[in-house]
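Have a look at the structure below, then the notes.
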Amino acid sequence: MKFRLATVAWSVIYLLLLLSLLTPLRIFTIFLLIVPGVVLFSSLPFKGFLIHVIPVLLIIALKDVYLLLPAIYFLIPALLMGRVYKRGAPAFQALMTGTGVILAELLIVLFIATYTFGFDLSQYLRDQAAMSANLVQQILNGNPMLPGMNWTAEDTQRLGTMMIGKVPYVLILTSFLLAVITHALTRPALSSLDMPVRKMKPAREWRLPRALIWYYLLAIVFEWMAMSSESSWVQAVSVSMLPLIHACFIIQTIGFIYFWTHSRNMSPVIAVLLSLVVLVFQPLRIIGIIDLAFPLREAITRSKK
C-alpha cells in the first residue's frame, strides 16, 4: 500500500512539474522533469508505468497539447536511465546514458529547427553578438571616463566566433548537468521505495569502452566533412562530438591517475592534484587514449606481483 501511494505521489509530482512549464517557475523545474519518469519506470513493471504516466499525458494534452512535446522529450532519457537502474548497472553508466541521450536530443532538435524552420544557429549567435556590441558601444559613448574607446567590427566578429565556439561546451554541460541532477534525486527516491541504486564506482575503477577510440576517429572524419559544409547543424554536430569525446578521454585519464596512485599507495591528495593538472592542461588526455588502446593497468598490476 505504501509503495502504491508513493508511485501515485510521483505521478502527481510529474503532473505538477509539467504544468509548471506554463509558469515562470519553468526556469527551475525544467531541471527536474526527468526525475519522476526515471523513478516510475525503475520501480514499476512496464504496464504499471503506462498506467501511471498515460493519465498524466492526457491531462497535459487537455490543458495544452503543446506541452506534450517537452513531456515526451524528457520522457525518453527517463526511460533509458530508468532501464539502467532497473538492470542494476553502475551509477556511472546511468550518468553517461543520460548525458548521451540528452545531448543527442538537443542535436536532433537543432537539426529539425535547421531543416524544417530554416533556423541558422551560427547566424543567430552572430546577431546576438551584434546586439551585445551595440549595447557595449552605447555604454562606452555615454561614459565620459572612457573617451576614445570604441567597439569595432573586428571585436564583434571575434565575439560571434567565440560564442559559436562555446556551443558544444554549453550543450555538453547542459546534458551532463541534467543527468547529474536526475541521478542525485533519483537515487534517494528509489532507495525510499526499497530499490537500492548502486553507488558510483571509485575513481580508480573508471574505465570507458574501448570502442570510444573508433568514435574518436569517426568524429575526426566528420569534422573534415563539416569543413566543406555550409549547414549549421552539421557544423554544430561536428564541434559537439570532439569536445564530448575529449571529455571522455579526460575522465579516463583521471581514472588512470587514481588507479596508478592507489597501486603505489600514494596519498589521495596527490591524485586530486594530478587530476586538477589534467583538467587545466587538457592535452594530457592522451594518457586516457593510451589507457584505452593498451592494457596499461594490467601491466601495472603485473609489475607489482
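Residue numbers (this note's numbering): 1143 to 1447. Heads up, the beta-carbon is just placed ideally off N, CA and C, and yes, glycines get one too.
- The three-state secondary structure of M1408, taken from DSSP, is coil.
- Between the beta-carbon of L1161 and that of K1228 there is about 27 angstroms, and that puts the pair past the 8 angstroms contact cut.
- Rounded to the nearest whole angstrom, the C-alpha separation of P1197 and G1224 is 20 angstroms.
- Membership of R1349 in any alpha helix (DSSP H) is not indicated, and neither H nor E is assigned to it by DSSP.
- Under the 10 Å beta carbon count, Y1156 is surrounded by 16 or more other beta carbons and is classified as buried.
- Look at G1230 here: in three-state DSSP terms it is coil, with no helix or strand label.
- Under the DSSP assignment, D1433 falls in the alpha helix (DSSP H) whose first and last residues are 1428 to 1435.
- The straight-line gap separating the alpha-carbon atoms of M1342 and D1269 is approximately 43 angstroms.
- In the displayed model, P1166 falls within coil according to three-state DSSP, outside both helix and strand.
- Check the Cα spacing between R1444 and each of L1434, R1406, Y1208, P1219: the tightest is with R1406.
- Going by C-alpha positions, V1195 is about 16 angstroms away from L1174.
- Using a Cβ distance threshold of 9 angstroms, I1244 and A1321 count as a contacting pair.
- Taking C-beta atoms as the reference points, I1355 and L1434 count as a pair closer than 9 angstroms.
- Between T1403 and I1396 the beta-carbon gap is near 11 angstroms, outside 8 angstroms, which marks them as no contact.
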